[in-house]
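Asks: Count the sequence shown with my numbering and you get residues 810 to 956, in order.
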Amino acid sequence: MRDTGALFQPRSAGWDDGGGDDLSYFTDLPNGTGISSLVIIENMVGISEGDEIGLFDANAITNSGDCSNEFGELLVGAGRYDGEQLNIVGVGSIDLCDFGGFQLPGYVDNNSIVIKVWHSDTGIVNEATGDYTAGNGTWGQVLTVIS
810 MRDTGALFQP
820 RSAGWDDGGG
830 DDLSYFTDLP
840 NGTGISSLVI
850 IENMVGISEG
860 DEIGLFDANA
870 ITNSGDCSNE
880 FGELLVGAGR
890 YDGEQLNIVG
900 VGSIDLCDFG
910 GFQLPGYVDN
920 NSIVIKVWHS
930 DTGIVNEATG
940 DYTAGNGTWG
950 QVLTVIS
C-alpha cells in the first residue's frame with residue numbers, strides 16, 4: 810500500500826468501533842450488521858506506527874432503520890498500525906426494503922474499497938493505493954489482501 814498524498818478533511822468522531830484498537834481519528838464507524846468483509850493489509854510503505862487506516866465505501870448505504878435510500882461516503886472499517894499486518898473487518902449494509910423491511914448503513918457489495926491514512930504525527934489524511942493479492946478491490950469479497 811502506498812500513501813498518495815491527497816489531503817482530506819477530518820471526519821467527526823462518534824461511534825465506538827468495538828475493536829479495542831484505541832482509534833483516535835477514524836472513529837465514526839457504523840454499528841455491526843452481521844454482514845462483513847475481512848481486509849488484510851501487509852507490507853505498508855509510508856505508514857508509521859500509530860497511524861490509522863480507514864476503509865471507506867464512496868457510495869455506501871448511509872441511512873438507518875428506514876428505506877430512504879441514502880447513499881454516500883461512509884467509513885466502514887478502521888485500524889491502528891502497530892508495525893505488523895493489519896486486519897480490518899468492514900461493516901456491510903443491509904437492505905430489506907424489497908421485503909417490507911429496512912436498511913442499515915455499511916458498504917454495498919461490488920463498490921470499490923477506498924483507503925485513507927491518518928498520519929498521527931502530522932494530523933493529515935491522505936488517500937492511499939494498494940496492490941491486491943487476494944480479492945479485486947471491491948467490497949463483499951470473502952477475503953481481500955492488500956500490499
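Every residue gets a Cβ at the ideal spot worked out from N, C-alpha and C, and that includes glycine.
In the segment 891-932, which residue ranges form an unbroken alpha helix (DSSP H) of at least 4 residues, counting only runs that do not cross its ends?
Replies: none
Asks: Could you name the residues of the same chain whose beta carbon sits closer than 8 Å to that of threonine 947, not counting the 5 residues immediately before and after it, in chain order?
Replies: Numbered from 1 along the sequence shown, position 138 holds the residue referred to as residue 947. Cβ neighbours of threonine 947 beyond the five flanking positions: Asp918, Asn919, Asn920, Ser921, Ile922.
Asks: My output table needs one value for serine 845: the three-state DSSP class, helix, strand or coil.
Replies: As a position in the sequence shown, residue 845 is number 36, starting the count at 1. Strand, per DSSP.
Asks: Return yes when the Cβ of glutamate 858 is within less than 8 Å of the Cβ of aspartate 831, no when it is not.
Replies: If you number the sequence shown from 1, residue 831 lands on position 22. If you number the sequence shown from 1, residue 858 lands on position 49. Their beta carbons are not under 8 Å apart, which means aspartate 831 does not touch glutamate 858 by this criterion.
Asks: Out of curiosity, what's the CA-to-CA distance linking phenylalanine 911 and leucine 883?
Replies: Position 102 of the sequence shown holds residue 911. Position 74 of the sequence shown holds residue 883. Those two C-alpha atoms are separated by around 18 Å.
Asks: Closest to arginine 889 by CA distance: which of Ile849, Thr871, Phe880, Tyr916 is it?
Replies: Reading the sequence shown from its first residue, position 80 is the one you call residue 889. With distances taken between Cα atoms, arginine 889 lies closest to Ile849.
Asks: For aspartate 860, I'd like the list of residues in its chain whose CB is within less than 7 Å of its CB, leaving aside the five on either flank, ordered along the chain.
Replies: Reading the sequence shown from its first residue, position 51 is the one you call residue 860. Take aspartate 860, set aside five residues on each side of it, and the residues of its chain with a beta-carbon closer than 7 Å to its own are Tyr890, Val926, Trp927, His928, Ser929, in chain order.
Asks: Which residue comes first and which comes last in the beta strand (DSSP E) that contains asparagine 935?
Replies: Counting from one through the sequence shown, the residue named residue 935 turns up at place 126. It spans 934-938 - the beta strand (DSSP E) in which asparagine 935 sits, taken as one unbroken run.
Asks: Would you check if the distance between the CB atom of phenylalanine 880 and the CB atom of asparagine 896 is smaller than 8 Å?
Replies: Taking the first residue of the sequence shown as position 1, residue 880 is located at position 71. Taking the first residue of the sequence shown as position 1, residue 896 is located at position 87. No; because the gap between Cβ atoms is not below 8 Å, this pair is not in contact.
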